[in-house]
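In this note's numbering, the protein residues as written are 17 to 356. Following: one structure in structure tokens, then a few remarks.
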């Protein structure tokens, strides 16, 4: 995971360097403070898994069938319907009023202390325990613990904090999902300075039109999934996950303050895309997803055309798959899925 801190775009490094002079708390101090605050203290929440939320996610993903033969185009799925792998991400969303969010709209639970407040989803691992599933209509318990907080530096010398948390989801089947997540926190932006010095926006073509997802066969006969997410699709995903992070929907903040060319595709959205791709292409019969490990490498934006493909499949056991999300020659996310 350490190499992820070197994936920050040049615009991020420039803006961070401007604010570095005012940093009074080091990354080492911030990491230590976070560990002192949360080490050994689990956060426990319970939630009823309603069918409407699941239906809305499936439709946002352009999937009228949640599972083969389970049409959700007009009606929500029935009680007892199992959640597809990764779909738990639209439950246990952030709580609290708006004034408790960070300046950029992010939830501050388990965030590094100021000034390390700019969050980037870096990667993680999910394990889906065999013989279990989360189901519509059951009340599930989420147990979250802080695993680690580590000071890091980028290639440009900017300090940052890598935060690792682990979530467990317990349902009627017992422990169902283990979900480890890693975030990188960079120093906060001087918003006033960033706004005054914002460059002229690029003439990037507007990302109008509906999101598109379609499959094509490669010359080798493998399935390659093509994506193009619109701002509407990204906004709907933000709404479902109750994610107020402005880089996903607010153009002035995204372009003038954070210096992205367009609103950003969510890391968790691409993770779910990976899991859906695997179950569509390989999850036939009794085959199920047991584990996914993933790492974000480079940002993707509304309007970008990019692909998801299988880079390798372990020939010996036939159940380990290396997946790549790519925009042209740039790898934007790597993943490894282990099936049953």
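Built from N, CA and C at the ideal position, the CB exists for glycine as well. Because the structure is a prediction, the values reported are computed rather than measured.
Would the beta-carbon of residue 14 fall within 7 Å of that of residue 82? An answer regarding residue 14 cannot be provided, because it is not within the stretch 17 to 356 covered by the chain.
Could you pull the DSSP bridge partners for residue 276 from this structure? Position 260 of the chain shown, counting from 1, holds the residue named residue 276. Residue 276 is not bridged to any residue.
Whether residue 258 touches residue 160 by CB criterion (7 Å): Sequence index remark: in the chain shown, residue 258 carries index 242 (1-based). Sequence index remark: in the chain shown, residue 160 carries index 144 (1-based). Not closer than 7 Å, so no.
Segment contact flag, the stretch 278–297 with the stretch 125–135, C-beta cutoff 8 Å, min 3 pairs: no
Is residue 109 close to the ligand ADP? I mean its beta-carbon at under 6 Å from any heavy atom of the ligand. Absent from the structure shown: the ligand ADP. Ligands present: none.
Let me know if residue 222 comes out buried or exposed under the rule of 16 or more other beta-carbons within 10 Å of its beta-carbon. In the chain shown, the residue the question calls residue 222 occupies position 206. Its Cβ having fewer than 16 others within 10 Å, residue 222 is exposed.
For the putative contact between residue 249 and residue 218, defined by C-beta atoms under 8 Å, what is the C-beta separation to the nearest angstrom? Your numbering for residue 249 matches position 233 in the chain shown. Your numbering for residue 218 matches position 202 in the chain shown. Rounded, the Cβ-Cβ distance is 22 Å, inconsistent with contact.
Suppose you measure from the CA of residue 166 to the CA of residue 122; what does that come to, to the nearest Å? Along the chain shown, read from residue 1 onward, the residue named residue 166 stands at position 150. Along the chain shown, read from residue 1 onward, the residue named residue 122 stands at position 106. Taking the straight line from one Cα to the other gives about 20 Å.
Using the C-alpha atoms, what's the distance from residue 247 back to residue 395? Missing from the structure shown is residue 395; the chain here goes from 17 to 356 and no further.
So, helix, strand or coil for residue 338, using DSSP? The residue labelled residue 338 in the question sits at position 322 within the chain shown. Looking at residue 338 - three-state DSSP - the assignment turns out to be strand.
If we count Cβ pairs, one from each stretch, closer than 8 Å, do we get three or more for the stretch 109–120 versus the stretch 147–162? no
Assuming the contact rule is C-beta atoms closer than 8 Å, residue 99 and residue 77 should be a hit. Round their C-beta distance to whole Å, please. Residue 99 sits at position 83 when you count from the first residue of the chain shown. Residue 77 sits at position 61 when you count from the first residue of the chain shown. Their Cβ separation, rounded to whole angstroms, is 13 Å, which puts residue 99 and residue 77 out of contact at 8 Å.
Contact defined as beta carbons within less than 8 Å: I believe residue 162 pairs with residue 181. What is the distance between those atoms, to the nearest angstrom? The residue you call residue 162 lines up with position 146 of the chain shown. The residue you call residue 181 lines up with position 165 of the chain shown. Confirmed, Cβ separation roughly 6 Å.
Beta-carbon contacts of residue 261 that lie in its chain and below 8 Å, excluding the five residues immediately before and after: Numbered from its first residue, the chain shown carries residue 261 at position 245. Correct list, in chain order: 120, 121, 122, 135 and 254.
Among 317, 290 and 117, nearest to residue 3 - alpha-carbon criterion: In the structure as shown, the chain begins at 17 and stops at 356. Residue 3 is therefore absent and cannot be evaluated.
Pick helix, strand or coil for residue 104, following the three-state DSSP scheme. Here residue 104 corresponds to residue number 88 of the chain shown, with the count starting at 1. Helix, per DSSP.
As assigned by DSSP and simplified to three states, the class of residue 138: Here residue 138 corresponds to residue number 122 of the chain shown, with the count starting at 1. Residue 138: strand per DSSP, three-state reduction.
Beta-carbon proximity check, residue 65 vs residue 158, cutoff 7 Å: Counting from 1 along the chain shown, the entry for residue 65 is found at position 49. Counting from 1 along the chain shown, the entry for residue 158 is found at position 142. For residue 65 and residue 158, no; Cβs fall outside 7 Å.
Compute the Euclidean distance between the alpha carbons of residue 342 and residue 173, then round it to the nearest angstrom. What you label residue 342 is simply residue 326 of the chain shown in a count that begins at 1. What you label residue 173 is simply residue 157 of the chain shown in a count that begins at 1. About 28 Å.
Option in 206, 141 and 178 with minimal Cα separation from residue 352: What you label residue 352 is simply residue 336 of the chain shown in a count that begins at 1. Nearest option by C-alpha distance: 141.
Based on the DSSP output, what are the partners of residue 87 in its beta bridges? Translated into the one-based positions of the chain shown, residue 87 becomes position 71. DSSP, once it has assigned bridges, lists 81 as partnering residue 87.
Would you mind sorting residue 138 into buried or exposed? The rule is 16 or more other CB atoms within 10 Å of its CB. The residue given as residue 138 occupies position 122 in the chain shown. Buried is the call here.
Please return the same chain residues whose Cβ sits closer than 6 Å to the Cβ of residue 67, not counting the five positions on each side in sequence. One-based indexing of the chain shown puts residue 67 at position 51. Excluding sequence neighbours, residue 67 sits near 92, 93 and 152.
Looking at C-alpha atoms only, which residue of 231, 312 and 203 is the closest neighbour of residue 274? Indexing the chain shown from 1 puts residue 274 at position 258. Closest by alpha carbon: 203.
Residue ranges of each beta strand (DSSP E) within the stretch 183–246, 3 or longer: 190–202, 228–233 and 239–244
Pairwise C-alpha distance: residue 238 and residue 289: Taking the first residue of the chain shown as 1, we reach residue 289 at position 273. Taking the first residue of the chain shown as 1, we reach residue 238 at position 222. Computed Cα separation, rounded: 17 Å.
For residue 272 versus residue 312, is the C-beta distance shorter than 7 Å? Sequence index remark: in the chain shown, residue 272 carries index 256 (1-based). Sequence index remark: in the chain shown, residue 312 carries index 296 (1-based). Result no, Cβ atoms of residue 272 and residue 312 do not sit closer than 7 Å.
How many whole angstroms separate the CB atoms of residue 104 and residue 201, which I take to be in contact at a CB cut-off of 8 Å? In the chain shown, counting from the first residue as 1, residue 104 sits at position 88. In the chain shown, counting from the first residue as 1, residue 201 sits at position 185. Rounded, the Cβ-Cβ distance is 24 Å, inconsistent with contact.
For residue 197, collect the residues of the same chain with a Cβ closer than 6 Å to its Cβ; drop the 5 residues on either side in sequence, then sort them by chain order. Taking the first residue of the chain shown as position 1, residue 197 is located at position 181. So the qualifying residues of the chain are 140 and 181.
Quick check on the DSSP output: what are the complete beta strand (DSSP E) runs of length 3 or more inside the stretch 286–346, in order along the chain? 305–312, 322–329 and 336–343
Based on the DSSP secondary-structure assignment, which residues constitute the bridge partners of residue 64? By one-based count along the chain shown, residue 64 stands at place 48. Residue 64 is bridged to 155.
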